[in-house]
Every structure is written in C-alpha cells, then in structure tokens.
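Everything on this sheet refers to the single structure shown next.
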Ligand code: PLP
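Right under this line is the structure:
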C-alpha cells in the first residue's frame, strides 16, 4: 500500500511524470532563453514549446500568454496591470486577489457560494467610473463554479474589464478564453500536476496591461526576469497531459454518498451548485477540522481543513463565512480534493479513516468540541 492517500490536490497536485521528465530535460539543457548562442536558443525553444502548450490548454494565443512565478503573481499582475482604480471582487476570492486590492468593493455570494449577479449589476450601475471585475472560475475550498459568462455579459455593458482567477478551474473544466470572454486569466502549474512556483497570466490581445516591475525585456517586456525554464517546461508538459480535464466525478460522488451514509448529519458545502468534479468541502458535526485533519493524517490520508492555512496556522474560512455558514459548522469543515492519480484505494482509505474517527467521536467525549467550536 502507498505511504498515504493524497487527497489535497487543490493545495498542490503531485507532479505528473511527464512534467518531471520535461523539467529534467530542461535542467540538463541549461542556457538562458535571452542568450543568442546555441544554448540560449535551446532554452528559448523549450519556453516557446511550453507557451504553445499552456496557451492551447485555455484556447489563448501564445502572444497572450505571460509566464509568472505562479497564480499569486498572475493575480497581482492582472489587478495592478489593468490600471483601473475601481475594482469589484467576489467575497470568495483567494487571498492573492483580496489582499492585492484591499480597497476593492466586495460582492456577496449566496448560501451555495455563487456570486450574486444582481449585486454585481447594482454595483456596476452605481458609478460611471469603469471598473475591473475579478471573479474566480472555481472556488478553491468548495469547488463551486462561478457564473463567469454572466459576469462578462453584465460587465461589458458598463465598459468594465474582467479578470478571472482560473487557478482552480483550468485542467478540471474546459476553459476557452474566447468562449469565456474575460480579459485576464490567471493560471498556476502546481494545481494541474506541474511544478510549484510557476504560472501564467493570459492577457487578451488589445486590453490594457502595464507590467509591475522593471528589469530585462523578458516575456515581450511584460514580465521582467529570467524565465524559470525548467518550471515552465514542466508546466507545459502538465498542460498537455490534462487533455479534456479531470475525470474523477464518479469517485467524488461515491465518496460523498459514503460519507453521508456514515454521518447523515454531515454537510457538503455548495452541493446544490455546479462544482468542479474533484472537490468536496464537508463538515463532520462537532469535530474540529484540525482534529479531523490530524486523525486522517495519522491514518495516512492527506486532506486539508476547509479554512485557509498558511505557515501552519489555520484561520477561519472567509469563503464559508461569506456563504453564511455558522461558525460552529465552518470550523468542522474539511476539504477533500481528488486529482489525476486518485484511485479507488485512496477513496476507500479515506472513507474507512473517516468512519473510524466518527465512531470514536460518538463513543467518547474526548474529541467532542461542540462548546469549543461554538465559541471559535
Ligand atoms: N488562486 C486560487 C483560487 C488558488 O487556489 C491559489 C492557490 O491555492 C492561488 C490563486 C495561488 O496560486 P499559487 O500557489 O500558484 O501562487
């Protein structure tokens, strides 16, 4: 049996073998893509090939695709580079959006975690100043897909620009830049089985964009700094492997059914909304998320707490808060996310571990957290 069942693909999806091979090949090749000599040209060819592969994943042109250090940088670049003072964001955006524009007007979501389009319409109508609207494709905690096409339709009537954080959607659902109609699209390699520390910002031809940093003329003067050639190679290979998207919906649905049979009072967040096929955000009543994550870890199952977690510290989930989930319920939510290498054994291992925990909790008061959770 493998050391553990890895069910935290929304945090980082394991490196695909093809991405690993492409990275090793690029590392062996060496060279700086800006150098004119043979080694440089070889590195340039690697970057160009990966650019075609990543652009093709989202139906973009290579000239529209700028490599970055990840989704965070792509989001920051888009939000600053669009040059709009007025910014509207949904309440469930990732911190790399929310913190990049602390002055943004925040749009509510409904109890399933879907953007309130009427609120967007009202906000757009409230000012004549053209805005930038930033709405994610799929939420990282719940997997709920956002009505991006509707957002585009509404935003266009007021002359707004549209940024979409596609980090958790690309590779899971088909993404087509033209069909989606957004102006800026952020991507991250490590969410699709590429390496960490590399991503892309797709900027549709002709829309405003100014780079944030000064330096060399890399990425056609749109993102200074020598390219991360091996990372980019791995990103390109992963993008090619994605094909038409993830196909783990059957496993995810079976998992949700089994967990509901074990704990009928468990709640899946966003279950009535359209979701990507790999994500389940579920609460085991009266058992804190940290307790579940630790117990599952001891059983060799990797999941994350539904709450944001950075530098080992678990914070309250702003996503569940925006959905109006009571604190006691939200603090018991974990996120299970499947990916390209998830199999039946992983799912069975999770179900067994979750069931064992549930039985232990019901038998004993040690894990009971009702009062703690309510006070959190
Ligand atoms: N956007 C979303 C929705 C994410 O889930 C993440 C990472 O978790 C990011 C952006 C940031 O991407 P990266 O880790 O590549 O900086």
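Residue numbers (the numbering used here): 67 to 442.
The beta carbon of each residue, even a glycine, is placed where N, CA and C say it ideally should be.
These figures come from a predicted structure and were not determined experimentally.
Query: Would you mind sorting residue 381 into buried or exposed? The rule is 16 or more other CB atoms within 10 Å of its CB.; Result: exposed
Query: Determine the DSSP secondary structure at residue 74, reduced to helix, strand or coil.; Result: strand
Query: By Cβ distance below 6 angstroms, which residues in the same chain neighbour residue 70 in space, the five residues on each side in sequence not counted?; Result: 366, 368
Query: Give the range of the beta strand (DSSP E) segment to which residue 87 is assigned.; Result: Unbroken run through residue 87 is the alpha helix (DSSP H), 83-95; no beta strand (DSSP E).
Query: Give me the Cα-Cα distance between residue 119 and residue 150, rounded to the nearest whole angstrom.; Result: 30 angstroms
Query: When burial is assigned at 16 or more other CB atoms within 10 Å of the CB, is residue 205 buried or exposed?; Result: buried
Query: Between residue 238 and residue 312, is the Cβ-Cβ spacing less than 7 angstroms?; Result: yes
Query: Which same chain residues end up closer than 7 angstroms to residue 251 when comparing Cβ atoms and leaving out the 5 residues on each side of it in sequence?; Result: 124, 230, 232, 243, 268
Query: From 214, 195, 208, pick the residue whose C-alpha is nearest to that of residue 153; which is it?; Result: 195
Query: According to DSSP, residue 242 sits in a beta bridge with which residue or residues?; Result: DSSP, once it has assigned bridges, lists no residue as partnering residue 242.
Query: Determine, using beta-carbon pairs with one atom in the stretch 78-96 and one in the stretch 403-410, whether at least three such pairs fall under 8 angstroms.; Result: yes
Query: Restricting to Cα atoms, I'd like to know which of 417, 317, 306 is closest to residue 328.; Result: 417
Query: Grouping DSSP H, G and I as helix and E and B as strand, with all else coil, what is residue 401?; Result: strand
Query: Which residues in the same chain have their Cβ closer than 6 angstroms to the Cβ of residue 97, if we skip the five residues on either side of it in sequence?; Result: 105, 106, 108, 109
Query: Just to confirm, is the Cβ distance from residue 260 to residue 304 under 7 angstroms?; Result: yes
Query: Would you say residue 413 and residue 317 are within 7 angstroms of each other, going by their C-beta atoms?; Result: yes
Query: Applying the criterion that 16 or more other CB atoms from any shown protein chain within 10 Å of the CB defines a buried residue, is residue 256 buried or exposed?; Result: buried
Query: Which residues share a DSSP beta bridge with residue 250?; Result: 229, 269
Query: What is the DSSP secondary structure of residue 391, counted as helix, strand or coil?; Result: coil
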